[in-house]
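Q: Residue numbers (our numbering), protein chains in the order written: chain A, 100 to 315; chain B, 100 to 315; chain C, 100 to 315; chain D, 100 to 315.
Beta carbons: idealized from backbone N, C-alpha and C, even for Gly.
There are 4 protein chains.
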Amino acid sequence: MTVKKIESTKKLNFRVDYNRMTVYYTNMRYKDNSKKEAIYQATILLLNKDGFSATPMSKIAKHAGVSPSTIYVYFENKDDMLKKLYLDTKQKMGAKMFADTDGMDIKASLAKVIRNYIDYIRENKEAFLFLQQFTNSPYMSELDDQEANNYFTPMYQLVKRGRQEGVFKNVDDDVLFAYIEPPITEAAKRYFRGEFEFTDVRIKSLIELAWSAIKK
Amino acid sequence: MTVKKIESTKKLNFRVDYNRMTVYYTNMRYKDNSKKEAIYQATILLLNKDGFSATPMSKIAKHAGVSPSTIYVYFENKDDMLKKLYLDTKQKMGAKMFADTDGMDIKASLAKVIRNYIDYIRENKEAFLFLQQFTNSPYMSELDDQEANNYFTPMYQLVKRGRQEGVFKNVDDDVLFAYIEPPITEAAKRYFRGEFEFTDVRIKSLIELAWSAIKK
Amino acid sequence: MTVKKIESTKKLNFRVDYNRMTVYYTNMRYKDNSKKEAIYQATILLLNKDGFSATPMSKIAKHAGVSPSTIYVYFENKDDMLKKLYLDTKQKMGAKMFADTDGMDIKASLAKVIRNYIDYIRENKEAFLFLQQFTNSPYMSELDDQEANNYFTPMYQLVKRGRQEGVFKNVDDDVLFAYIEPPITEAAKRYFRGEFEFTDVRIKSLIELAWSAIKK
Amino acid sequence: MTVKKIESTKKLNFRVDYNRMTVYYTNMRYKDNSKKEAIYQATILLLNKDGFSATPMSKIAKHAGVSPSTIYVYFENKDDMLKKLYLDTKQKMGAKMFADTDGMDIKASLAKVIRNYIDYIRENKEAFLFLQQFTNSPYMSELDDQEANNYFTPMYQLVKRGRQEGVFKNVDDDVLFAYIEPPITEAAKRYFRGEFEFTDVRIKSLIELAWSAIKK
DNA sequence: CATGAATGAGTCTTCATTCAT
DNA sequence: GATGAATGAAGACTCATTCAT
Numbered sequence: 100m101t102v103k104k105i106e107s108t109k110k111l112n113f114r115v116d117y118n119r120m121t122v123y124y125t126n127m128r129y130k131d132n133s134k135k136e137a138i139y140q141a142t143i144l145l146l147n148k149d150g151f152s153a154t155p156m157s158k159i160a161k162h163a164g165v166s167p168s169t170i171y172v173y174f175e176n177k178d179d180m181l182k183k184l185y186l187d188t189k190q191k192m193g194a195k196m197f198a199d200t201d202g203m204d205i206k207a208s209l210a211k212v213i214r215n216y217i218d219y220i221r222e223n224k225e226a227f228l229f230l231q232q233f234t235n236s237p238y239m240s241e242l243d244d245q246e247a248n249n250y251f252t253p254m255y256q257l258v259k260r261g262r263q264e265g266v267f268k269n270v271d272d273d274v275l276f277a278y279i280e281p282p283i284t285e286a287a288k289r290y291f292r293g294e295f296e297f298t299d300v301r302i303k304s305l306i307e308l309a310w311s312a313i314k315k
Numbered sequence: 100m101t102v103k104k105i106e107s108t109k110k111l112n113f114r115v116d117y118n119r120m121t122v123y124y125t126n127m128r129y130k131d132n133s134k135k136e137a138i139y140q141a142t143i144l145l146l147n148k149d150g151f152s153a154t155p156m157s158k159i160a161k162h163a164g165v166s167p168s169t170i171y172v173y174f175e176n177k178d179d180m181l182k183k184l185y186l187d188t189k190q191k192m193g194a195k196m197f198a199d200t201d202g203m204d205i206k207a208s209l210a211k212v213i214r215n216y217i218d219y220i221r222e223n224k225e226a227f228l229f230l231q232q233f234t235n236s237p238y239m240s241e242l243d244d245q246e247a248n249n250y251f252t253p254m255y256q257l258v259k260r261g262r263q264e265g266v267f268k269n270v271d272d273d274v275l276f277a278y279i280e281p282p283i284t285e286a287a288k289r290y291f292r293g294e295f296e297f298t299d300v301r302i303k304s305l306i307e308l309a310w311s312a313i314k315k
Numbered sequence: 100m101t102v103k104k105i106e107s108t109k110k111l112n113f114r115v116d117y118n119r120m121t122v123y124y125t126n127m128r129y130k131d132n133s134k135k136e137a138i139y140q141a142t143i144l145l146l147n148k149d150g151f152s153a154t155p156m157s158k159i160a161k162h163a164g165v166s167p168s169t170i171y172v173y174f175e176n177k178d179d180m181l182k183k184l185y186l187d188t189k190q191k192m193g194a195k196m197f198a199d200t201d202g203m204d205i206k207a208s209l210a211k212v213i214r215n216y217i218d219y220i221r222e223n224k225e226a227f228l229f230l231q232q233f234t235n236s237p238y239m240s241e242l243d244d245q246e247a248n249n250y251f252t253p254m255y256q257l258v259k260r261g262r263q264e265g266v267f268k269n270v271d272d273d274v275l276f277a278y279i280e281p282p283i284t285e286a287a288k289r290y291f292r293g294e295f296e297f298t299d300v301r302i303k304s305l306i307e308l309a310w311s312a313i314k315k
Numbered sequence: 100m101t102v103k104k105i106e107s108t109k110k111l112n113f114r115v116d117y118n119r120m121t122v123y124y125t126n127m128r129y130k131d132n133s134k135k136e137a138i139y140q141a142t143i144l145l146l147n148k149d150g151f152s153a154t155p156m157s158k159i160a161k162h163a164g165v166s167p168s169t170i171y172v173y174f175e176n177k178d179d180m181l182k183k184l185y186l187d188t189k190q191k192m193g194a195k196m197f198a199d200t201d202g203m204d205i206k207a208s209l210a211k212v213i214r215n216y217i218d219y220i221r222e223n224k225e226a227f228l229f230l231q232q233f234t235n236s237p238y239m240s241e242l243d244d245q246e247a248n249n250y251f252t253p254m255y256q257l258v259k260r261g262r263q264e265g266v267f268k269n270v271d272d273d274v275l276f277a278y279i280e281p282p283i284t285e286a287a288k289r290y291f292r293g294e295f296e297f298t299d300v301r302i303k304s305l306i307e308l309a310w311s312a313i314k315k
């Protein structure tokens, strides 16, 4: 029956209404975005390490430094969280990928996209691997992919522009796409397996081969 | 003094050599290989439909028409089964991919490999998708990849030969590889999502772009 | 400006000190100790009735009136629970056994210990039988017995004192011990098998024979 | 479809009747006692090492060098085997314990029994520990103890004789018994835990204390 | 908003026993 | 008599989620 003092760090942040004997919260920004982010980071890390079937919510919570039930404050359920995480991650990747690619000619623009992509990969190992795992899992088909695809419209526009300018081979867009991103993605996977290095020379080669493939 | 065959009902199947007074068994395999195969097929199907985290052994057993415990007669545990399934599947794919590719010049040989690969993909949708999911999951890193890689030595030899003949760009093997298989794989994924058709024209295009990419 | 108690329904139970604006909790134990105790009782009962190999966690849970998973809130696993239960039980027995034995001469003190032990046995049939079963099982050797032994230091001290006073035969402590507790334990086993009664006469006899055995 | 030669060690031991085309066994002593013994030994060992709840039939079979189903040739089921093993073991112990104890006076006879018991213990560690574990488990109460008790009638006779000769204290038989065997058993347990040595001196002490306890 | 306890519904795996030879 | 394969039933344990505060 001991009385223990609670540390009053971040969590105790309320006022007491002496009259009504009820407790209010001072800080009205209820949903704490840093917690959400912590949950996302923990999920990505654990998913890459242990896979979908060995990543329980409780583990995620522990790594994120929150209670399991807190996750349910931010997300409806595990699937909901996973899908939102995917969309969030994919969107961030898209943003990086097409940054600063305007106002260049097609070839330079494409080279820039590839370099951006490689930069993103190198700076976001876990995010990249998570995207790969998710994309190749049946979770993907449950998703309304439209939203994810929107993040990549710049790529479609790029190809469209190239076609208009007559610099690409006369093949379907899908065929062109297949020789732009997938080879880089493959190289990245080898990179993270320790089998490949993104040296300047190799990056140039990758860009060169992509261009050779698609250019008329 | 001949060797007579004793009537056997189903599994016992031996002959007695009266001279030597020793017993030989024909077909020592008491374990029924068809059960193993049924387990494999069920696993692939369910894994593609529901993913790693929603494919319990009980479901696999039910689909395979065996008892859950029977799976453990053939495999140590779930992981063991998954890994053996992967290796088995990968090996079969490798065999198909490099069939009938000898005695051609490099370009034709490469085209044949691509066509073989596309044929395999179209005839083995589930196997292909399973390989993708597995490859992009953390299960992969638990695996001694050497064994899986052996199934693809013909590809390495092909590239090596091309390099000796001086027909490829002067870039690393890994860069070359990245423009041969990954684009096809990507197209296949779109194909199974219903976004792409493997028409003759498109297959030719894919081959053409691969060649454009890697040839000097 | 006093300290007022906020009405609590069941578990939350805190007071607010309006001056210091800090919150104290009374009774931090959110985990309900009565559940733990119920689990212990159920385990002992079932173990005595059915043995180690026929006492599943599910049965224990049912008898304790909790969910099987609740047991894992309190214990790491079955072994952990069993060991903690043993230690807990042994400690309680030790406490009873050596209660009110100070300030007597050796002979009286020893008689008191024996009487205490018999009292404990009669009042704690299930606990006693559980201890016997556990002690004679391989679980015992997995245990760091040191902790269990600590509960019996009074016995060692008693023997040590008797030796100093020169009232015991000149034999090893272990030999002395063997003629104090084991005969009582054996009688108790017969008692619970319905083959023996702890009458006053018999209790006196048991004490007398123990003393005859060890006294010089 | 390969033909494999089977090693013809111990198992192939039959004649072939060429006319009837059927196979007979030469060795007509069907139940192979050595197998039963091997099963017993394996069971005792594993039970002492792992306990009742962690000793599956399959493990016993493996240790005994037989197939699991072979155990069912000799015993109805696991319980049946365990009980027969207990009775068999207890009987063997009883036989050793009362060997060569005739024609001595009470005191010598009792000393001999104790020495026999200690000899048995030292030569049959595993059997002894198994008996302890079994005796203190609920398996015991399922047993018709009468059979087991019969092996110990010599002890009852000994006590009866002593009482007739007027050398024992005037207490119940059960009280006397309690100071004969249990102390030795306790010492034995300590012995196997490495806490006690059966030196000549200690054995003499044990006998001396037993006699002090029970003699008038 | 945040949380620790609690749990029902599963999950993987084991195992005593039977079956077919 | 002996056996390896097969399995139904059960066991320990997990986990997404909810509850009560």
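Starting from the C-beta of Lys182/C, find all residues in its chain whose C-beta is less than 8 angstroms away, skip the five residues before and the five after it, and write them out in chain order.
A: Mapped onto the third sequence, residue 182/C falls at position 83. Excluding residues within five positions, the ones whose Cβ falls inside 8 angstroms are Tyr238, Glu241 and Leu242.
Q: By DSSP, does Lys135/A sit in helix, in strand, or in coil?
A: Along the first sequence, read from residue 1 onward, the residue named residue 135/A stands at position 36. Lys135/A falls in the helix class under three-state DSSP.
Q: Is the stretch 275-285 of chain B close to the stretch 274-284 of chain A, with three or more CB pairs under 8 angstroms?
A: Enough Cβ pairs lie closer than 8 angstroms, so yes.
Q: Taking buried to mean at least 16 other C-beta atoms within 10 Å of its own C-beta, is Asn147/A buried or exposed?
A: The sequence position of residue 147/A within the first sequence is 48, counting from 1. Buried, by the Cβ-count rule.
Q: For the stretch 197-227 of chain C, which residues have a beta carbon sitting closer than 8 angstroms to at least one beta carbon of chain D?
A: Hits within the stretch: zero.
Q: Starting from the beta carbon of Gly150/C, find every residue of chain D whose beta carbon is closer than 9 angstroms, and list them in chain order.
A: Here residue 150/C refers to the residue found at position 51 of the third sequence. By Cβ distance, chain D contributes Phe151, Ser152, Ser236, Pro237 and Tyr238.
Q: Counting only beta-carbon separations shorter than 8 angstroms, does Pro167/A have a partner in chain B?
A: Counting from 1 along the first sequence, the entry for residue 167/A is found at position 68. False, the Cβ-Cβ gap to chain B never drops below 8 angstroms.
Q: Pick helix, strand or coil for Phe227/D, following the three-state DSSP scheme.
A: In the fourth sequence, counting from the first residue as 1, residue 227/D sits at position 128. Helix, per DSSP.
Q: Spell out whether any CB of chain B is found under 8 angstroms from the CB atom of Glu285/A.
A: Residue numbering aside, residue 285/A sits at position 186 when the first sequence is read from its first letter. Output row for Glu285/A: interface = yes.
Q: Say whether chain D places a C-beta atom closer than 8 angstroms to the C-beta of Ala312/C.
A: On the third sequence, position 213 is the one that residue 312/C refers to. Yes, contact with chain D.
Q: How big is the Cα-Cα spacing for Val172/A and Asp179/D?
A: Stepping through the first sequence from its first residue, residue 172/A is reached at position 73. Stepping through the fourth sequence from its first residue, residue 179/D is reached at position 80. Whole-angstrom Cα-Cα distance: 57 angstroms.
Q: Could you pull out every residue in the same chain whose Cβ sits closer than 7 angstroms to the Cβ of Phe151/B, ignoring the five residues on either side in sequence?
A: Residue mapping note: residue 151/B aligns to position 52 of the second sequence, counting from 1. Excluding sequence neighbours, Phe151/B sits near Ser236.
Q: Once you ignore the five residues that flank Thr108/D on each side, which residues in its own chain have a CB closer than 6 angstroms to its CB?
A: Here residue 108/D is taken as the residue at index 9 of the fourth sequence, counted from 1. At Thr108/D, the pLDDT of 33 sits below 50, so the modelled position is not reliable; the number obtained from the coordinates is stated separately. Same-chain partners within the cutoff: there are none.
Q: Let me confirm a value: Thr252/D is counted as buried when at least 16 other C-beta atoms fall within 10 Å, else exposed. Which label applies?
A: Numbered from 1 along the fourth sequence, position 153 holds the residue referred to as residue 252/D. With fewer than 16 Cβ atoms within 10 Å of its Cβ, Thr252/D is classed as exposed.
Q: DSSP three-state label for Lys315/B, please.
A: Along the second sequence, one-based indexing puts residue 315/B at 216. In the structure shown, Lys315/B sits in coil (DSSP, three-state: anything other than H, G, I, E or B).
Q: At which residues does the alpha helix (DSSP H) containing Ile170/A begin and terminate?
A: Counting from 1 along the first sequence, the entry for residue 170/A is found at position 71. Element bounds for Ile170/A: Pro167 to Tyr173.
Q: For Ala286/A, I'd like the list of residues in its chain whose CB is within less than 6 angstroms of its CB, leaving aside the five on either flank, ordered along the chain.
A: By 1-based counting over the first sequence, the position of residue 286/A is 187. Excluding residues within five positions, the ones whose Cβ falls inside 6 angstroms are Phe295.
Q: Should Gln231/C be flagged as near chain D, meaning a C-beta pair shorter than 8 angstroms?
A: Within the third sequence, residue 231/C is the residue found at index 132, counting from 1. By this cut-off, Gln231/C is an interface position.
Q: Give the interface partners of Asn147/C over in chain D, defined as CB-CB distance under 8 angstroms, in chain order.
A: Against the third sequence, residue 147/C aligns to sequence position 48. Pro237, listed in chain order.
Q: Show which residues of chain D have a CB atom less than 9 angstroms away from the CB atom of Arg289/C.
A: Residue 289/C sits at position 190 when you count from the first residue of the third sequence. Neighbours of Arg289/C on chain D, chain order: Asp273, Phe276 and Ala277.
Q: Using beta-carbon positions only, say whether Leu186/C and Ala247/C come within less than 8 angstroms of one another.
A: Residue numbering aside, residue 186/C sits at position 87 when the third sequence is read from its first letter. Residue numbering aside, residue 247/C sits at position 148 when the third sequence is read from its first letter. Yes. Within cutoff.
Q: Any heavy atom of the ligand NAP closer than 7 angstroms to the Cβ of Lys182/A?
A: The ligand NAP is not part of this structure, which contains no ligands at all.
Q: Among Lys315/B, Glu175/B and Met192/B, which has the Cα closest to the Cα of Val212/B?
A: Looking up residue 212/B in the second sequence gives position 113. Selected option, being the one with the closest Cα: Met192/B.
Q: Below 8 angstroms on the Cβ atoms is my contact criterion, and I expect Met196/D with Asn215/D to pass it. Report the Cβ-Cβ distance as a whole number of Å.
A: Taking the fourth sequence and counting its residues from 1, the one referred to as residue 196/D is at position 97. Taking the fourth sequence and counting its residues from 1, the one referred to as residue 215/D is at position 116. Indeed they touch by this definition, with Cβ atoms about 5 angstroms apart.
Q: Can you give the Cα-Cα distance for Phe297/C and Tyr290/C, rounded to whole angstroms?
A: In the third sequence, the residue the question calls residue 297/C occupies position 198. In the third sequence, the residue the question calls residue 290/C occupies position 191. Near 7 angstroms, if we compare the C-alpha coordinates of Tyr290/C and Phe297/C.
Q: Am I right that Ile302/D and Ile205/D are in contact with their C-beta atoms under 8 angstroms? What's the rounded C-beta distance?
A: Residue numbering aside, residue 302/D sits at position 203 when the fourth sequence is read from its first letter. Residue numbering aside, residue 205/D sits at position 106 when the fourth sequence is read from its first letter. Going by Cβ atoms, the distance from Ile302/D to Ile205/D rounds to 19 angstroms, so no, they are not a contact pair.
Q: Going by DSSP, which residues form a beta bridge with Phe267/D?
A: Counted from its first residue, the fourth sequence places residue 267/D at position 168. For Phe267/D, which the question treats as bridged, DSSP gives the partners Lys314/D.
Q: Expressed to the nearest angstrom, what Euclidean distance is found between the alpha-carbon atoms of Ala312/D and Thr154/D?
A: For the purposes of this step, residue 312/D is identified with residue 213 of the fourth sequence, where counting begins at 1. For the purposes of this step, residue 154/D is identified with residue 55 of the fourth sequence, where counting begins at 1. The straight-line gap from Cα to Cα measures roughly 41 angstroms.
Q: For Phe267/A and chain B, any beta-carbon pair shorter than 8 angstroms?
A: Residue numbering aside, residue 267/A sits at position 168 when the first sequence is read from its first letter. So, not an interface residue.
Q: Taking CB distances under 8 angstroms as the criterion, tell me whether Arg260/B reaches chain A.
A: Looking up residue 260/B in the second sequence gives position 161. So no, Arg260/B is outside the interface.
Q: Roughly how many angstroms lie between the CA atoms of Lys315/D and Ala309/C, to the nearest whole one?
A: What you label residue 315/D is simply residue 216 of the fourth sequence in a count that begins at 1. What you label residue 309/C is simply residue 210 of the third sequence in a count that begins at 1. Cα to Cα, Lys315/D sits roughly 13 angstroms from Ala309/C.
Q: Starting from Leu144/C, find everything on chain D with Cβ-Cβ shorter than 7 angstroms and list it in chain order.
A: Reading the third sequence from its first residue, position 45 is the one you call residue 144/C. Under the 7 angstroms cutoff, chain D gives no residues; its nearest Cβ is about 11 angstroms from Leu144/C.
Q: To the nearest angstrom, how far is it from the Cα of Phe174/C to the Cα of Gln245/A?
A: On the third sequence, residue 174/C is found 75 positions in, with the first residue counted as 1. On the first sequence, residue 245/A is found 146 positions in, with the first residue counted as 1. Cα-Cα distance, rounded: 48 angstroms.
Q: Just to confirm, are His162/C and Leu184/C a CB contact at a threshold of 8 angstroms?
A: Taking the third sequence and counting its residues from 1, one reaches residue 162/C at position 63. Taking the third sequence and counting its residues from 1, one reaches residue 184/C at position 85. Not closer than 8 angstroms, so no.
Q: Cα-Cα, which of Ile220/D, Val165/D, Ala194/D and Leu257/D is closest to Gly202/D?
A: Here residue 202/D refers to the residue found at position 103 when the fourth sequence is read from its first residue. Measuring from the Cα of Gly202/D, the nearest candidate turns out to be Leu257/D.
Q: So is Met304/C buried or exposed if we call it buried at 16+ other beta carbons inside 10 Å?
A: Position 205 of the third sequence, counted from the first residue, corresponds to residue 304/C. A small correction: the amino acid at residue 304/C is Ser; Met does not occupy that position in the sequence shown. With 16 or more Cβ atoms within 10 Å of its Cβ, Ser304/C is classed as buried.
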